[in-house]
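K.L.:
If you scroll down you'll find the structure; I have some questions about it.
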Amino acid sequence: PRTAALIVAAGRGLRAGTSIPKQYAPVAGRAMLAHAYAAFAAHPGIDEVMVMVAEGQQAMARAAIGDEAAIVTGGVLRSDSVAIGIEALCDTADRVLVHDAARPFVPSVVIDRVIAALDDADGAIPALAVADTLTKDDGTLVPRDGVYRIQTPQGFRLPILVQAHAAWPADEDATDDAQMVRRVGGRVALVQGDVMLDKVTYPEDFAAAEARVTWETR
Ligand code: CTP
Ligand code: MG
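Okay, so the sequence shown: first residue is 4 according to UniProt numbering, each after it adds one.
This is the structure in structure tokens:
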């Protein structure tokens with residue numbers, strides 16, 4: 004089967020508080036998007052990479068990933084950007100991995116796991132079991148058994164992802180695609196995630212990402 008990667012990089016990065024949108028801010032010497040793009044472009048199981056970029060940010064995107072990269076203008080919500088990306092693939096793929104540009108470090112073994120799991124499931128998502136005690140702010144304990152942190156890349160068989168986006172209410176945002184695929188009855192498998200994939204969301208997450216790469220490479 005042909006497998007495409009869709010990298011969503013069309014957000015505004017408001018919570019990160021950087022002067023330029025966070026996906027173009029450097030981590031370990033390169034824009035976050037550049038790291039993520041390189042991981043998929045180099046992976047032998049990925050046939051095509053498409054990047055969703057916000058209006059007016061094409062020049063920044065080109066500076067990060069070059070003139071040859073396939074770039075499409077994204078939408079208002081993350082789910083809009085994914086839907087536009089799916090459309091732009093125009094049925095050239097059987098499977099698609101959707102990835103957040105805000106997760107710069109993508110271990111190739113995680114891409115392998117996601118692709119492999121799609122042989123037996125409609126979707127496959129990297130997950131990490133929660134190890135910390137969980138409580139609400141009033142002290143109520145939240146049982147952590149069977150609770151996972153879900154990351155990207157999230158892989159899907161393309162037809163069900165198309166169906167999921169068609170059925171999703173236009174004004175409802177979704178933080179990931181797995182919840183959309185599940186809502187149309189798709190079976191989504193969990194595969195082992197990786198702390199390297201943790202998302203950069205808040206200002207302090209940049210230092211954490213730098214620290215992770217230092218650990219990894221020393
Ligand atoms: N994204 C996108 N299109 C949107 C919104 C988000 O492509 N309309 C992308 C972001 O660029 C990011 C990923 O979805 O790579 C995850 O979203 P998030 O971490 O929320 O990033 P932002 O929406 O940019 O940040 P914030 O919510 O803090 O403004
Ligand atoms: Mg957002």
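The beta-carbon is built from N, C-alpha and C at its ideal position, and this holds for glycine as well.
Just so we're clear, the structure is a prediction, and the values are computed from it rather than from any experiment.
(1) Any chance you could list the residues with Cβ under 7 Å from a heavy atom of ligand 2, keeping chain order?
(2) Mapping DSSP to helix, strand and coil, what is F43?
(3) Does the Cβ of L164 have 16 or more other Cβ atoms within 10 Å, making it buried, or fewer, making it exposed?
(4) By how many angstroms is the C-alpha of P206 removed from the C-alpha of G69?
(5) Hey, would you say the C-beta of Q60 is under 7 Å away from at least one heavy atom of ligand 1?
(6) Less than 8 Å between the beta carbons of T21 and A12, yes or no?
(7) Expressed to the nearest angstrom, what Euclidean distance is found between the alpha-carbon atoms of Q182 and V85?
(8) I need the straight-line Cα distance from D123 to G189, nearest angstrom please.
(9) Closest by CA to A130, which one among F159, R65 and V194?
(10) Since G16 sits in a beta bridge, which residues does DSSP pair it with?
(11) Are there 16 or more other CB atoms within 10 angstroms of the CB of A64, so buried, or fewer, so exposed?
(12) Applying the criterion that 16 or more other CB atoms from any shown protein chain within 10 Å of the CB defines a buried residue, is G142 buried or exposed?
(13) Rounded to whole angstroms, what is the Cα-Cα separation between A73 and A8?
(14) Identify, in the order they occur along the chain, each residue of the same chain with its Cβ nearer than 7 Å to the Cβ of V216, setting aside the five sequence neighbours on each side.
(15) Could you compute how far the alpha carbon of R221 sits from the alpha carbon of A214?
(16) In or out: P47 buried (at least 16 other Cβ within 10 Å) or exposed?
(17) Quick one: what's got a C-beta closer than 8 Å to R98's C-beta in the same chain, skipping five residues either side?
(18) Return the first residue and the last residue of the beta strand (DSSP E) that L100 is part of.
(19) Within 10 Å of its beta-carbon, does A19 have 16 or more other beta-carbons around it, so buried, or fewer, so exposed?
(20) Applying the 10 Å Cβ sphere with the 16-neighbour rule, what's the burial state of K25?
(21) Got a sec: does ligand 1 put a non-hydrogen atom nearer than 7 Å to the Cβ of R33?
P.N.:
If we stick to the structure as given:
(1) In chain order, the qualifying residues are G14 and R81.
(2) F43 falls in the helix class under three-state DSSP.
(3) Residue environment for L164: buried (at least 16 other C-beta atoms within 10 angstroms of its C-beta).
(4) Each residue's alpha carbon lies about 27 Å from the other.
(5) No.
(6) Contact flag unset, no.
(7) Separation of Q182 and V85 (C-alpha to C-alpha, rounded to the nearest whole angstrom) is 13 Å.
(8) Their backbone Cα atoms lie some 12 Å apart in a straight line.
(9) Nearest option by C-alpha distance: V194.
(10) Paired residue(s): none; G16 is not in a bridge.
(11) Buried, by the Cβ-count rule.
(12) Exposed: under 16 other Cβ atoms inside 10 Å.
(13) Near 11 Å, if we compare the C-alpha coordinates of A8 and A73.
(14) Result list for V216: A31 and F108, in chain order.
(15) Reliability fails at R221, whose pLDDT of 49 lies under 50, so the model's placement of it is uncertain and no value is given.
(16) Classification for P47: exposed.
(17) If we look at R98 and ignore the five residues flanking it on each side, its Cβ neighbours are P4, R5, T6, A7, I118, L121, G158, F159, R160 and L161.
(18) First-last of the beta strand (DSSP E) with L100: R98 to D103.
(19) Label assigned to A19: buried.
(20) Counting every other CB atom within 10 Å of its CB across the protein chains shown gives K25 a total of 16 or more, marking it as buried.
(21) No, since every heavy atom of ligand 1 falls outside the 7 Å radius drawn around the Cβ of R33.
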